[in-house]
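Taken in sequence, the protein lines are chains C and W.
In this text, residue positions in the first sequence follow this note's numbering: the first is 2, and each later residue adds one.
In this text, residue positions in the second sequence follow this note's numbering: the first is 109, and each later residue adds one.
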Amino acid sequence: MGFLDIRNVTKAYGQVEVLHRVDIAVEEGEFLVLVGPSGCGKSTLLNMIAGLEGISAGEIAIKGRVVNGVHPSKRNIAMVFQSYALYPNMTVGQNMTFGLEMHGVPKAERDRALADVAKLLQIDHLLDRKPGQLSGGQRQRVAMGRALVRNPDVFLFDEPLSNLDAKLRVDMRTEIKKLHQKLKTTIVYVTHDQIEAMTLSTRIAVMNKGFVQQLGTPKEIYDTPANLFVATFMGSPAMNIIPARVKLVDGVPHAALTDADGAPRLLRFSQANLAAWDGRDILLGIRPEAITDPEGADRKSGNIQPLANRVTVTEPAGSDTFVTMTLGGRDAIARMRADAAVSAGQIYEFAVNMEKAVAFDPATEGRIAP
Amino acid sequence: MAAVTQDTAVSMGRIARVFIYLLLLLFALFYLLPLYVMGINSVKPLAEITGGNMMALPQVWTLDPWRSAWSTAQIGVEPTGLKPYFLNSILMVVPAVAISTIVGALNGYVLTKWRFRGDTWVFGLMLFSCFIPFQIVLIPMAMVLGKLGLAGTVPGLVLVHVVYGIGFTTLYFRNYYAAFPTELVRAAQIDGAGFFQIFWRILLPVSGPIAVVSVIWQFTNIWNDFLFGASFGGTSQPMTVALNNLVQSSTGVKEYNVHFAGAILAALPTLFVYFVAGRYFVRGLMAGSVKG
């Protein structure tokens, strides 16, 4: 039993089910990120935790108390909205203490809580301003301050960074992470940005079409994605998915695939149980950073396979160079060191870290577990 | 080359501008003419008007017509002047405007932020009430007022105008609040504010422009209404009905100067409202249209 329990929660509008039997137990102090493309049901789930939308079936419990049907204000939660939702007619200070005022907290106590949080977020000098006079980043801080002042059991964030420009978004991301490390609060955070999900969370729930596709730590999600959707949604550039066939060579499973010129190539698997798939088609998943120049290959890896292939395009990005090639009839991207000597059209000897490779069943799209 | 073209554009613009201002000035004068006639004739002795000098400035300036219109002129059978009717109108218009505006604001709030099954139908029906001609409801309205015991009273007139005004005020406030972010209402709900607290603390403080639109619209319509006043006024008739009784009297001398003064008196409150709140009126209409 967790601090925040989501048990078999379903949401339906009439006959249409938009969220199917979601089951997540969040521990105290955890930072859970719900991530998925738009329309996957992540915001609906967040609104159900907040009490802004009804629960069709199942139950949600906070600190062991079932909150189905409990008014949002009585769940001891606080929410930061995408648009910040600051009251335009009130000053920053009034905005932040409005919730306490509504809960009948005496003025002296309100002022003390306000002063503490304002200092923590470094917005003391803004307290008498109206939201309209603040910059995007400042509004973001005030919105977080309004949530913090209440000292709630659970913080809910609904895509809080998506209205900020790229640079500020990175800054605020670090800021939120710092705040979480300092305060050890329980957070449920909704985003469609997989980098936010990876960097902030202690656990991620990847959602699609109303189903939780996978629930796990960022490392689990990234290294051992449960299915094709999770594999391609998380990570940028996305994981290369290459059609291949399992072939036993001396009893060891290899991935047989074709290179850019249609010639057959073999890559030895580290995963022994794939021997059972001998002769069958699979989808081979390799992240771009697992295909490198030989000098850039991971020295700790026990299974680096050479792969000579023709280079289609090189994209120097400053810190790395992305190289596109054709593999198994599809485009695949390799991530090389910035100064790797590689140019378009040449045949280049890549190094593939097969320890990091994963295999998917083309029929079910699920990962073939070791 | 660019400079030359720009030059021509500017001088062309200047000529066009002069032309436009001249035209506007002409229209303004044309519009102000009736007011001028009313103004100068209300401060002239009657003899000067009947002598044929409608357009000329008065030779003898006098405020007697104004005094007469206000307190001594014959209205129907009583020599009371317009004063008691003016009071009737004020007693009618203030509560009617206030109530219809507040109810409209509440309706708009519910129709946009507390949506329920069939809310668009409810709104559609309220909108429909804006298109019902006054004449159609006269008889049913008379029956209802009679049953309520409000026939021929100021509260009866207030009720009639509130009922008739709610359609318009609801339309204004609904469209204004539709552009108001719902996330704010949700945030306030999580903060623990109730239905009326959200309305009072979050929505009303930003409703200034549309409230002005609603007040001006309602004030003008209710103050200027004649049909309901004449039909349901009974002993407490409003200003418009009294003015008609003053001007349309078929016996005795036609005191045109008094009539002009009375007509201006009847128009003063609406003029006052426009002068005070007129610039917010345009702003409110724009806010509704642009944001919506």
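Where is the CB? At the ideal position from N, CA and C, for every residue including glycine.
Quantities reported herein were computed from a predicted structural model and do not represent experimental measurements.
Contact with chain C by residue i, beta-carbon distance below 7 Å
i	result
W:K399	Low local confidence applies: a pLDDT of 38 at W:K399 is under 50, so the model's placement there is unreliable, and no value is given.
W:G386	no
W:L292	yes
W:V301	The sequence as given places Ala at residue 301 of chain W; Val does not occur at that position. Yes - at least one Cβ of chain C is within 7 Å of the one on W:A301.
W:V314	yes
W:I306	no
W:I298	yes
W:I318	no
W:I310	yes
Counted within 10 angstroms of its Cβ, other Cβ atoms place residue i as buried (16 or more) or exposed
i	result
W:F135	exposed
W:T162	Looking at the sequence itself, residue 162 of chain W is Met, so the reference to Thr does not match. Its Cβ having fewer than 16 others within 10 Å, W:M162 is exposed.
W:P313	exposed
C:H255	buried
W:M200	buried
C:A318	exposed
C:C41	buried
C:T365	exposed
W:Q347	First, the amino acid is wrong: residue 347 of chain W is Met here, not Gln. Classification for W:M347: buried.
C:K108	exposed
C:H126	exposed
C:P226	buried
W:A111	Because W:A111 sits at a pLDDT of 48, beneath the cut-off of 50, its placement in the model cannot be relied upon, and the point is left open.
C:V17	exposed
W:W331	buried
W:M251	exposed
Proximal chain A residues relative to residue i, where beta-carbon distance stays under 8 Å
i	result
C:A86	In the structure shown, chain A cannot be found, because the protein chains are C and W.
Boundaries (first-last residue) of the alpha helix (DSSP H) holding residue i
i	result
C:Q215	Not the alpha helix (DSSP H): C:Q215 falls in the beta strand (DSSP E), residues 212-217.
C:I50	43-51
C:V343	That residue, C:V343, is in no alpha helix (DSSP H); it is neither H nor E in DSSP.
C:R142	137-150
W:G254	242-256
C:N274	That residue, C:N274, is in no alpha helix (DSSP H); it is neither H nor E in DSSP.
W:D227	227-236
W:T261	Neither: W:T261 is in no alpha helix (DSSP H) and is coded neither H nor E.
C:M235	Segment: none, C:M235 is in no alpha helix (DSSP H) and carries neither H nor E.
W:N352	347-355
W:A338	335-340
In DSSP terms, what residue i is bridged to
i	result
C:Q322	According to the sequence as given, residue 322 of chain C is Thr; it is not Gln. Partner(s): C:P317, C:M337.
W:R294	DSSP output for W:R294 lists no bridge partner at all.
W:A371	According to DSSP, W:A371 bridges with nothing at all.
C:G1	Outside the shown range of chain C (2 to 371) lies residue 1 of chain C, about which nothing can therefore be said.
C:L268	C:A256
C:V292	Inspection of the sequence shows that residue 292 of chain C is occupied by Ile rather than by Val. C:V353.
C:Q306	C:V353
C:V155	C:I78, C:T187
W:N149	None; W:N149 has no bridge partner.
C:D262	Note: C:D262 sits in no beta bridge, so no partner.
C:G367	C:N228
C:V250	C:V253
C:R331	C:L328
C:R311	C:I348
C:T192	C:V36
is_contact[residue i, chain W] using C-beta, thresh 7 Å
i	result
C:F99	yes
C:L149	no
C:H181	no
C:P107	no
C:P132	no
C:F270	no
C:S57	no
C:H255	no
C:P161	no
C:P265	no
C:H104	yes
C:N90	yes
C:M80	yes
Residue range of the unbroken beta strand (DSSP E) whose run includes residue i
i	result
C:I25	17-27
C:K12	5-14
C:V36	32-36
C:A206	204-209
Would you list, in sequence order, the uninterrupted alpha helix (DSSP H) runs of no fewer than 4 residues that lie entirely inside the region 53-93 of chain C?
none
Of all the alpha helix (DSSP H) runs that stay within the bounds of the region 102-129 of chain C, which reach a length of 4 or more residues?
108-122
So within the region 157-219 of chain W, which uninterrupted alpha helix (DSSP H) runs reach at least 4 residues, ignoring any that extend past its ends?
172-175
For the region 265-331 of chain W, which segments carrying the alpha helix (DSSP H) assignment without a break, of at least 4 residues, lie completely within its bounds, in sequence order?
290-299
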